[in-house]
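Below is one structure; the comments refer to it alone.
Protein chains in written order, with the working numbering: chain A, 4 to 134; chain B, 346 to 390.
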């Protein structure tokens, strides 16, 4: 959680040692693999990042909207916008914290996309309605 | 008092309660939630 929070606040270099520790302790956990995907993406190593973009991770995202959000951020960081938007659209079927998503630095690549903007508009509407 | 504050008051030694409190800030100012995530982590790395 702390590693993700560091990345959400732009403190990527603080996150990396925690992600490496996750790799030591729980190498097979889906969140470890997703975190490694994110780490290599943030370091600009797209090939290494994509090595973690496995069918297993996509299957996990299909069964877990929250995980789909994390996977969306990974794809966004490496510039795979359509894949990021697909994962985000799935996540936002039940999860739509629009302010968080609008300010999250990991999603910066998606902000100029019409689909992302539509999702944000829908999220705002849902949040306003549900409050 | 927010429910996250109540949880921290009831269970100040429970790391997950600080994660919940930090999560409360995610849709406001993520920076403000970060100290609570750090506290939870260092209570149980």
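Ideal Cβ positions, reconstructed from N, Cα and C, are used throughout, including at glycine.
All of these numbers come straight from a predicted model, not from anything done at the bench.
Amino acids of chain B, ordered along the chain, whose beta-carbon sits closer than 8 angstroms to that of residue i
i	result
residue 119/A	The premise fails here: residue 119/A is roughly 17 angstroms from chain B at the closest Cβ pair, so nothing lies under 8 angstroms.
Residue i: contacting residues in chain B (beta-carbon distance under 7 angstroms)
i	result
residue 11/A	375
Contacts of residue i in chain A (Cβ-Cβ under 8 angstroms)
i	result
residue 372/B	100, 101, 102, 103
residue 382/B	4, 5, 8
residue 355/B	Here the premise fails: no neighbours, minimum Cβ distance about 20 angstroms.
Within chain A, the residues that residue i reaches when beta carbons sit closer than 7 angstroms
i	result
residue 379/B	8, 12
Straight-line gap, residue i to residue j (C-alpha atoms, nearest Å)
i	j	result
residue 10/A	residue 109/A	7 angstroms
residue 64/A	residue 385/B	26 angstroms
residue 361/B	residue 37/A	21 angstroms
residue 122/A	residue 368/B	21 angstroms
residue 26/A	residue 39/A	8 angstroms
residue 366/B	residue 382/B	8 angstroms
| request: Report yes or no: do three or more beta-carbon pairs, one from the stretch 99-119 of chain A and one from the stretch 359-374 of chain B, lie closer than 8 angstroms? | output: yes
| query | If you pair each beta-carbon of the stretch 63-82 of chain A with each one of the stretch 108-115 of chain A, do three or more pairs fall below 8 angstroms? | reply | yes
| said: Quick check: the stretch 354-364 of chain B against the stretch 124-133 of chain A, are at least 3 beta-carbon pairs closer than 8 angstroms? | reply: no
| Which runs of the alpha helix (DSSP H) fall wholly inside the stretch 77-117 of chain A and span at least 4 residues, in chain order? | Listed in chain order, the complete alpha helix (DSSP H) runs (minimum 4 residues) inside the stretch 77-117 of chain A are 84-94, 101-106.
| message | Which complete alpha helix (DSSP H) runs does the stretch 8-36 of chain A hold, if anything under 4 residues is left out? | response | 15-28
| Are there three or more Cβ pairs, one per stretch, closer than 8 angstroms when the stretch 18-25 of chain A is compared with the stretch 79-98 of chain A? | no
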